[in-house]
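This report concerns only the one structure given below.
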Amino acid sequence: MLLWCDVLRQAAKEILNTDKKLGVVVSKFIHLHQNDNVAIAVCDLAVEGLLDVGGRQVVIAEPIAEMHKFAVEPIKQGEAIIKYGQFIGYAAADIDAGQHVHTHNCIVGDFAKDYGFCRHAEKTAYVPEAEQAHFQGYRRANGKVGTRNYIGILTTVNCSGTVAKQIAASFSYPGALDDYPNVDGVVALTHESGCGMRAEGEGYEILQRTFEGYAAHANFGGVLLVGLGCETMQVDGVLAQAGLAESELFKAYNIQNVGGTRNAVEQGVEYVRAMLPKVNEATRESCPASEMVLAVQCGGSDAMSGITANPALGVAGDILIRHGGTVIYSETPEIYGAEHLLTQRSATPEVAEQLLERIRWWEEYTSTNGFELNNNPSPGNKAGGLTTILEKSLGAQAKSGSTTMTAVYQYAEPVVEKGLVFMDSPGFDPVSVTGQVASGANVVAFTTGRGSAFGYKPVPSVKLSSNTAVYRRMQDDIDINCGAVTDGDETLETLGQKIFEQLLAIASGEQTKSEELGYGDAEFNPWKIGAVV
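Quick note, our numbering runs 673 ahead of the 1-based positions in the sequence shown.
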């Protein structure tokens, strides 16, 4: 197991060992690693407060906001700032013990990384097949297993979005699907691309792979593919490339060919009505946890994300992998600066090199577009105490757990390897999840520290808060409160087991908060690369 996993687990144990009064943890800070020269405030710290940090007496020199860092020893200008036992930046000026450490005095710079290919690649201790957990899923004819049973309306181009939405609206009023209790809904997934683009190259290939993945996704019992007729991304081209053929549960057509918008809507409604009885015939059956493909994401992160929610999700992912399942870790810009921890866990040198190739691609891509990967933390991230991309990446890394990384995939490529895999994607959550679902994810787990509002049809999305405050403010949105770790009520291990059990329940049909609120229709967002002309 890697050092940072040990660090996070030990920190959680130390929190549980602190004195509690009326259920409130007395500890005012978290010092993650003995080599760290910063600690994290668990609550707002007042000036002149005296803290004992590993035997060092630290006087708080200025107000420190909850979840923000303070120096536990003097740090000279140009010296490394250490958190998680890892480098997160350099001191831009002299920093005294007790002073706030953030964007005003911490900067990113070059530093040596120990890529150590495969050094920590360990053989996974799998649960015997007879003892593996199960969930109630939809077994499809192609052998894949779905966790939901939707009819999907996909659009090859922005121009067919209105038709798709009107078709879906015909089945969205109260009671429309009462005669089809096994159908979760009819959903239109529209987007802004498909034309004004090159008919070859990365951008086209990504959109093509995305359509292929969705057309064959196990959470769809039936699919319509609707085009306009004159766009770059032609319906016939998608079908030919993907090897798709029309059937009673898959239909494709163009608006222009059927006589315009009104006819296209009527045609689509007729197709869906014909599909509904057949899709409704699908029933849930017992399926092994090895059929779960879990997409892990974080959004609206804060300093506690890397201490509570992300590592707890990492523990749950480790459990799933031991039961034979798959975890898709993504968001390449949000591993930047911590990619060496994944190369150390790669199954082979070739897998490690594939990851570094994607890092180099992103360095060139962002440079060409006048952007720096170092600028990745958002205003919300910074308000939550995250200072640099390195700090954010180290915390995000915890979602990947501790098992060996078995493969690296391009955006929306079909995932065929079991275990922990990495799929290249931007850090923008809807774009990243679109790719993960196209790759085969049938459940999404989404951690947040600031309170993201997110869902993703046709795949259920469970949301985990990093702190109790956001959970209390947004209980209608958050499924699991990982702030229980810093509250002293859970360890990462016990919480990880609970998350795993919740994932099985959700895969079996239990509704997530985002599903109850109706999220998921607007998040389909294929990655757009290249000029729009």
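In this text, a Cβ means the ideal position worked out from N, Cα and C, and glycines have one as well.
R1018 has its alpha-carbon roughly 20 Å from the corresponding atom of V966. The Cβ atoms of T1016 and L1028 sit closer than 8 Å to each other.
According to DSSP, residue pairing for D725 in a beta bridge involves Q730. The C-beta distance from F808 to S1181 rounds to 5 Å, short enough to meet the 8 Å contact threshold. Taking 8 Å as the cut-off, the beta carbon of Y1129 is found closer than this to the beta carbon of E1196. Close CB contacts of L827 within its chain, under the 8 Å cut and outside five residues either way in sequence, are with A837, L862, F884, Y887, A888, V896, L897, L898 and V899 (chain order).
Across the set A712, G973, V860 and W1035, the C-alpha of V860 shows the shortest separation from the C-alpha of L949. Cβ-Cβ separation between F893 and P1131: approximately 6 Å, consistent with a contact (criterion under 8 Å). Three or more beta-carbon pairs separated by less than 8 Å are not found between the stretch 1146 to 1155 and the stretch 1106 to 1115, which leaves the two stretches without contact.
A distance below 8 Å separates the beta carbons of V942 and S843. In this structure, D787 sits away from I755, with a CB-CB distance that is not shorter than 8 Å.
Only residues of its own chain outside the window of five on either side were considered, and among them Q881 and E885 have a CB closer than 8 Å to the CB of Q914, listed in chain order. Note on L1190: under 16 other CB atoms within 10 angstroms of its CB, so exposed under the neighbour-count rule. Taking a contact as a CB-CB distance under 8 Å, the pair S1125 and G972 counts as one, their CB atoms being some 4 Å apart. Here I737 carries a strand assignment [DSSP, helix/strand/coil].
By the neighbour-count definition (other C-beta atoms within 10 Å, threshold 16), F784 is an exposed residue.
For R792, the closest alpha carbon among the candidates M1078, G1122 and N1115 is that of M1078.
The continuous beta strand (DSSP E) containing S1138 extends over residues S1134 to S1138. The stretch 999 to 1008 makes no contact with the stretch 799 to 813; the number of CB pairs closer than 8 Å stays below 3. For E1030, the enclosing alpha helix (DSSP H) begins and ends at P1022 to T1041.
With contacts defined as CB atoms closer than 8 Å, V1135 and R995 fail to qualify as a contacting pair.
Apart from the 5 residues on each side of it in sequence, K749 sits with its Cβ closer than 7 Å to the Cβ of A764 and D767 in its chain, given in chain order. Under the DSSP assignment, S959 falls outside any alpha helix (DSSP H), being part of the beta strand (DSSP E) whose first and last residues are E958 to P961. The distance from the Cβ of L986 to that of A1118 is about 6 Å, consistent with a contact at the 8 Å cut-off. Taking 8 Å as the cut-off, the Cβ atoms of Q940 and L901 do not count as close. Note on geometry: alpha-carbon atoms of H706 and A753 lie some 15 Å from one another. Across the structure, A1020 and T1141 are spaced so that their CA atoms are roughly 37 Å apart.
The closest CA to that of S963, considering only N927, K817, V1024 and Y823, is found on K817. Per DSSP, V1116 lies in no alpha helix (DSSP H) segment; the continuous beta strand (DSSP E) that holds it begins and ends at V1116 to T1121. When the Cα atoms are used, F760 and A849 turn out to be separated by approximately 56 Å. Comparing alpha-carbon positions, the option among S1075, R1033 and W1200 lying closest to P1103 turns out to be W1200. By the 16-neighbour rule on beta-carbons within 10 angstroms, S1073 is buried.
Counting the other CB atoms within 10 Å of its CB gives E1163 a total of 16 or more, which places it among the buried residues. Less than 8 Å divides the Cβ of S974 from the Cβ of G1122. By the neighbour-count criterion, in which a residue is buried when 16 or more other Cβ atoms sit within 10 angstroms of its Cβ, T1159 is buried.
Runs of the beta strand (DSSP E) spanning 3 or more residues and lying entirely within the stretch 955 to 1001 occur at 958 to 961 and 966 to 971, in chain order.
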